[in-house]
Structures are given as C-alpha cells and as structure tokens.
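See structure below.
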Amino acid sequence: MYEHRANESPPLPPPPIGTIGHTRPPGDVRVGDFVYLDGEYQRVRDMRSAGTAAHRVLIFARREPWVMREARTTYRPIDRH
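The numbering used here applies: residue 3 is where the sequence shown begins, and numbers increase by one.
Pasting the structure below:
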C-alpha cells in the first residue's frame, strides 16, 4: 500500500464538474471561479480590491473573505457557447 511521505501534500479532490483549472494572478480571477481552500472548492461570489491590483479580497458564500496575494490555480466554468 502506498503511503504519503510527510513532505508530500495529499492529492486534491477532483475539481468541480464542468470547470477547467488554470494558474491565474489575482487580477485575472472572476466571480464564479472556484478556489481550493480549507479542503474544499469555494466559489467566488464577489471580490474587492485590496489596495493594489496585485491583491484581491475574494468573497465566498460559506467561508470568510480571503486575500489572494499571488498566482494560484483557479477553476473556471467551461464556456459552452
């Protein structure tokens, strides 16, 4: 049986259905994107400026706001047009 080493992160669960992951800077995140925080994918409901274009305060329905300070993988619903 395979066991994770102490320095390995556990694998992420599958992303939300109908989304595709991409590493994005804070300025490229949109309302409706998903971010993996606290063991769950959280959907961005709103966002605010954090005083600079390099930072965003992301607002979620089931979690306190979170400041995004650097590029991170976000999951965006696939546009089906």
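Ideal Cβ placement from N, Cα and C applies to all residues, glycine included.
Predicted, not measured: the structure shown is a model, and the values here were computed from it.
Query: C-beta contact flag for Arg-65 and Asp-35 at 8 Å; Result: no
Query: DSSP three-state assignment for Asp-81, whether helix, strand or coil; Result: coil
Query: Residues near Ile-22 by beta carbon distance below 8 Å, same chain, minus five either side; Result: Tyr-77, Arg-78, Ile-80
Query: Member of Asp-30, Thr-25, Val-31, Glu-42 whose CA lies at the smallest distance from the CA of Ala-18; Result: Note that residue 18 is Pro in the sequence shown here, rather than Ala. If we check each option's Cα against that of Pro-18, Glu-42 comes out closest.
Query: C-alpha distance - Pro-15 paired with Tyr-38, whole-angstrom precision; Result: 9 Å
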